[in-house]
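In what follows, a structure is listed as structure tokens, so that the remarks can point back to it.
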Amino acid sequence: MEDPGAQAIARVYADAFLQAGCTVGLDKALEELSSFLDDVLASKPQFEELLYSGLLGRDEKVGIIDRVVAGRGSEFFTNFLRVLARHDRLNLLPGILHESRLKFEALSGRQRVRVTSALPLSAQLQSRILKQLDALLPFEPILEIVVDPSLIGGIVIRIGDRVYDSSLKVRMKQLRGRLRQRSLHEIQSGRNRFSSPEGN
Numbered sequence: 755m756e757d758p759g760a761q762a763i764a765r766v767y768a769d770a771f772l773q774a775g776c777t778v779g780l781d782k783a784l785e786e787l788s789s790f791l792d793d794v795l796a797s798k799p800q801f802e803e804l805l806y807s808g809l810l811g812r813d814e815k816v817g818i819i820d821r822v823v824a825g826r827g828s829e830f831f832t833n834f835l836r837v838l839a840r841h842d843r844l845n846l847l848p849g850i851l852h853e854s855r856l857k858f859e860a861l862s863g864r865q866r867v868r869v870t871s872a873l874p875l876s877a878q879l880q881s882r883i884l885k886q887l888d889a890l891l892p893f894e895p896i897l898e899i900v901v902d903p904s905l906i907g908g909i910v911i912r913i914g915d916r917v918y919d920s921s922l923k924v925r926m927k928q929l930r931g932r933l934r935q936r937s938l939h940e941i942q943s944g945r946n947r948f949s950s951p952e953g954n
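Each number in the working numbering comes from the position in the sequence shown (counting from 1) with 754 added on.
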């Protein structure tokens with residue numbers, strides 16, 4: 755979700771979803787939300803468009819949920835969709851699912867770690883990275899593998915707001931910076947060495 759404002763609102767609804775979901779079981783609540791997005795909306799794009807668009811009013815969307823979801827989904831999930839419809843927030847469902855998963859993982863002692871590499875990592879290398887991170891971190895890491903050819907080589911590991919960059923791209927940039935500093939230092943030293951004392 756790109757819009758920071760929408761992401762913040764999705765986070766609030768995710769908190770509410772998880773708190774209420776304790777009554778039915780968080781695993782079950784998340785599974786139902788995920789299934790609704792991945793199985794129902796993904797396979798029926800016109801239905802998804804109706805729910806997300808501004809063409810229908812809030813009451814009309816609640817009516818659709820009552821006709822389509824009520825009786826098929828749990829009472830808990832149907833009520834959650836009704837709340838979103840009444841506040842015109844159904845379009846935040848993907849963001850709410852994403853935020854809910856992250857929060858649930860944190861509650862379970864797990865956290866996502868993004869590993870970016872220039873080339874796809876083999877299963878063996880992924881396993882090795884996972885073992886090393888598991889030994890270093892105070893939580894169980896869940897790897898998110900991303901391929902970015904602009905890195906040239908090496909990997910970048912992102913844990914929350916912290917970034918550990920060992921990519922060749924960054925190392926080359928650091929090397930250029932050190933060479934530039936060295937050149938400036940040598941030029942400055944040369945000037946001092948060859949400059950005549952004042953007054954001579």
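For glycine and all other residues, C-beta sits at the position ideal for the given N, C-alpha and C.
What is the residue span of the beta strand (DSSP E) that P895 lies within?
By 1-based counting over the sequence shown, the position of residue 895 is 141. P895 -> beta strand (DSSP E) spans E894 to V901.
Would you kindly check if the distance between the Cβ of T870 and the Cβ of I909 is under 8 Å?
Here residue 909 refers to the residue found at position 155 of the sequence shown. Here residue 870 refers to the residue found at position 116 of the sequence shown. Yes; because the gap between Cβ atoms is below 8 Å, this pair is in contact.
Just verifying my parser: in three-state terms, what is the DSSP assignment at I909?
Along the sequence shown, one-based indexing puts residue 909 at 155. Judged by DSSP in its simplified three-state form, I909 adopts strand.
A877: which of Q865, P892 and I899 sits nearest, CA to CA?
Taking the first residue of the sequence shown as 1, we reach residue 877 at position 123. Residue I899 is the option with its Cα nearest to A877.
Considering only residues of the same chain and omitting the five flanking positions on each side of S921, which have a CB-CB separation below 6 Å?
What you label residue 921 is simply residue 167 of the sequence shown in a count that begins at 1. Around S921: L905, G908 and V910.
Report the residue from R866, L875 and P903 whose alpha carbon sits nearest the alpha carbon of V917.
Counted from its first residue, the sequence shown places residue 917 at position 163. Out of R866, L875 and P903, R866 has the C-alpha closest to the C-alpha of V917.
Just grab the DSSP bridge partners of A824 for me.
In the sequence shown, residue 824 corresponds to position 70, counting from 1. In DSSP, A824 forms a bridge with G827.
Does the Cβ of P848 have 16 or more other Cβ atoms within 10 Å, making it buried, or fewer, making it exposed?
For the purposes of this step, residue 848 is identified with residue 94 of the sequence shown, where counting begins at 1. Looking at its Cβ environment, which holds fewer than 16 other Cβ atoms inside 10 Å, P848 is exposed.
Spatial neighbours of P895 within its chain, please: C-beta separation below 7 Å, excluding the five flanking residues on both sides.
The residue labelled residue 895 in the question sits at position 141 within the sequence shown. For P895, where only same-chain residues beyond five positions count, the Cβ hits under 7 Å are Q865, V867, L884, L887 and D888.
Let's see if you can read the secondary structure: which residues bound the beta strand (DSSP E) around D919?
For the purposes of this step, residue 919 is identified with residue 165 of the sequence shown, where counting begins at 1. Counting along the chain, the beta strand (DSSP E) containing D919 begins and ends at R916 to D919.
What does I864 pair with, by DSSP beta-bridge criteria?
On the sequence shown, position 110 is the one that residue 864 refers to. In the sequence as displayed, the identity of residue 864 is Arg instead of Ile. E894.
Nearest by alpha-carbon distance to D820: which of T832, L810 and G811 is it?
As a working mapping, residue 820 is identified with position 66 in the sequence shown. Nearest of T832, L810 and G811 to D820, Cα basis: T832.
The alpha helix (DSSP H) that contains F801, what's its start and end?
For the purposes of this step, residue 801 is taken as the residue at position 47 of the sequence shown. P799 to Y806 is the extent of the alpha helix (DSSP H) around F801.
Quick one: grab the DSSP three-state call for S871.
For the purposes of this step, residue 871 is taken as residue 117 along the sequence shown, with counting starting at 1. In the structure shown, S871 sits in a strand (DSSP, three-state: E or B).
Quick check on the burial criterion: 16 or more other C-beta atoms within 10 angstroms. Buried or exposed for C776?
Here residue 776 refers to the residue found at position 22 of the sequence shown. C776 is exposed by the Cβ-count criterion.
Report the option in L804, A824, A768 and A872 whose CA atom is closest to the CA atom of S788.
As a first step, residue 788 is located in the sequence shown; it is residue number 34 there, counting from the start. Residue A768 is the option with its Cα nearest to S788.
Is the CB-CB distance between F858 and A774 below 8 Å?
Position 104 of the sequence shown, counting from 1, holds the residue named residue 858. Position 20 of the sequence shown, counting from 1, holds the residue named residue 774. No, these two residues do not count as a Cβ contact at 8 Å.
For G808, tell me which candidate among V822, R826, D757 and H841 has the shortest Cα-Cα distance.
For the purposes of this step, residue 808 is taken as the residue at position 54 of the sequence shown. With distances taken between Cα atoms, G808 lies closest to H841.
Given a cut-off of 8 Å on the beta-carbon distance, is the pair G827 and E802 in contact?
Start at 1 with the first residue of the sequence shown, and residue 827 comes out as number 73. Start at 1 with the first residue of the sequence shown, and residue 802 comes out as number 48. For G827 and E802, no; Cβs fall outside 8 Å.
Can the beta-carbon of V816 be found less than 8 Å from the beta-carbon of A839?
For this step, residue 816 is matched to residue 62 along the sequence shown. For this step, residue 839 is matched to residue 85 along the sequence shown. Their beta carbons are under 8 Å apart, which means V816 touches A839 by this criterion.
Apart from the five residues on each side of it in sequence, which residues of its chain come closer than 6 Å, Cβ to Cβ, to V837?
Position 83 of the sequence shown holds residue 837. Excluding residues within five positions, none has a Cβ falling inside 6 Å.
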